[in-house]
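In this text, residue positions in the sequence shown follow my numbering: the first is 18, and each later residue adds one.
Just so you know, even glycine gets a beta-carbon here, dropped at the ideal spot from N, CA and C.
First comes the structure, then the notes that go with it.
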Amino acid sequence: MSQHVATKRLTAPDILARKGGEPIVSLTAYHAHTAAIADKYVDFLLVGDSLGMVMHGFESTLPVPLDLMIMHGRAVMRGARRALVVVDMPFGSYEESPSQAFHNAAKVIKETQCGAIKLEGGRRMAETIHFLTERGIPVMAHIGLTPQSINILGGFRTQGRTREQWALIEEDARVVTEAGAFSVVLEAIAEPLAARITRQIPIPTIGIGASAACDGQILVMEDMLGLSPRVPKFVKEFGKVGAAIEGAIRMYADDVRSRAFPQPENTYDMKE
Ligand code: KIV
Numbered sequence: 018m019s020q021h022v023a024t025k026r027l028t029a030p031d032i033l034a035r036k037g038g039e040p041i042v043s044l045t046a047y048h049a050h051t052a053a054i055a056d057k058y059v060d061f062l063l064v065g066d067s068l069g070m071v072m073h074g075f076e077s078t079l080p081v082p083l084d085l086m087i088m089h090g091r092a093v094m095r096g097a098r099r100a101l102v103v104v105d106m107p108f109g110s111y112e113e114s115p116s117q118a119f120h121n122a123a124k125v126i127k128e129t130q131c132g133a134i135k136l137e138g139g140r141r142m143a144e145t146i147h148f149l150t151e152r153g154i155p156v157m158a159h160i161g162l163t164p165q166s167i168n169i170l171g172g173f174r175t176q177g178r179t180r181e182q183w184a185l186i187e188e189d190a191r192v193v194t195e196a197g198a199f200s201v202v203l204e205a206i207a208e209p210l211a212a213r214i215t216r217q218i219p220i221p222t223i224g225i226g227a228s229a230a231c232d233g234q235i236l237v238m239e240d241m242l243g244l245s246p247r248v249p250k251f252v253k254e255f256g257k258v259g260a261a262i263e264g265a266i267r268m269y270a271d272d273v274r275s276r277a278f279p280q281p282e283n284t285y286d287m288k289e
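Structure below.
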């Protein structure tokens, strides 16, 4: 008899319902095995286009193609069973028109079976967010520092440092909410403004370098694991995985060079 117990996966409405409740835990994930580990602890996993920089060594997220997002999205879906999986729409795949966005977002949903997509932009993307949500595609919005606009922004800087900048960012939050987004990432938004937006809008805010008052938090997994060579100041490193990998590889290299590896009793049978 099958022992398989189906696990119910969280949905975009489940995340929306967490507004003002228990903080939402999320991380980026790009591959199956780390997704399976994180799945025990997080509410959603984001297949972020940051994978272009973190996994593929690009200087920015701009070169990431849609097919790469789909490939990593499928891997994360195979690893995670309970968390909602959200896949980022990469630069150039959605900005041209609502119908371009629908065409590509539908491809992402069909080919990965993820539960939602994320796209960057506030007021300028409101029409598109409305178009997608009306047609069955849950959208997570992303405002503040939007890395796909790096060439316009001129660098990775906190947004809303002066009160004069607040009104436009607050408007971004309001319009993506009205357009139907089920949550919004607030990236690198000055702390008092991120806290204020969280009080103002009825959908969960997910902070990254923003405010502890947000309804949830997200970090790039490799950054919090201590695996990224350079991280922004706000990132707390919860592990030293980069150092652990280097230590293990050094020991392996020493074993090979001293002919201590493999051990004679090693076999191809799997360990228990
Ligand atoms: O691509 C990404 O990792 C993201 C997070 C920083 C929110 O968009």
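query	result
Confirm the yes/no value for this check: CB of VAL258, any heavy atom of the ligand KIV, distance under 7 Å.	no
Would you report the Cα separation of LEU101 and THR179, rounded to the nearest angstrom?	35 Å
Go ahead and pull the three-state DSSP assignment for LYS250.	coil
Restricting to runs no shorter than 3 residues, where is the beta strand (DSSP E) found entirely within the region 179-257?	200-204, 222-225 and 233-236
Tell me, to the nearest whole angstrom, how far the beta carbon of TYR285 is from that of PHE278; I am working on the premise that it is less than 8 Å.	That pair is no contact at about 15 Å.
Say the cut is 7 Å; is the CB of VAL93 nearer than that to a heavy atom of the ligand KIV?	no
With a CB to CB cut of under 6 Å and the five nearest residues on each side skipped, what residues in its chain are close to MET18?	In this prediction, MET18 scores a pLDDT of 48, lower than 50, which makes its location untrustworthy; the coordinate-derived value is nonetheless stated afterwards. Counting only Cβ-Cβ distances below 6 Å, and skipping sequence neighbours, we find nothing.
Answer yes or no: the CB of ILE225 versus the heavy atoms of the ligand KIV, is any distance below 7 Å?	yes
What's the C-alpha gap between THR129 and VAL248?	29 Å
Is it right to say TYR47 is buried, meaning 16 or more other beta carbons lie within 10 angstroms of its own, or is it exposed?	buried
With a threshold of 7 Å (Cβ to nearest heavy atom), would GLU76 be considered close to the ligand KIV?	no
Check each candidate in GLY224, ARG216, ALA230 and LYS36 and name the one with the smallest Cα separation from LEU162.	GLY224
Relative to the alpha-carbon of PHE199, which residue among LEU210, ALA229, VAL42 and ALA158 has its alpha-carbon at the smallest distance?	ALA158
I need the DSSP call for SER290, collapsed to helix, strand or coil.	No information on residue 290 is available, as it lies outside the stretch 18 to 289 that the chain covers here.
What is the C-beta distance between PHE75 and GLN165, in whole angstroms, given that I count them as a contact (C-beta under 8 Å)?	The Cβ separation is near 12 Å, so there is no contact.
Count the other CB atoms within 10 Å of the CB of THR24; is the residue buried (16 or more) or exposed (fewer)?	exposed
For LEU44 and GLU204, I'd like the C-alpha separation in whole angstroms.	14 Å
Going by the DSSP bridge assignment, what does MET157 pair with across the sheet?	LYS135 and SER200
With DSSP as the reference, identify every bridge partner of ASP105, one or two as the case may be.	LYS135
Is ILE41 near the ligand KIV, judged by its Cβ being under 7 Å from some heavy atom?	no
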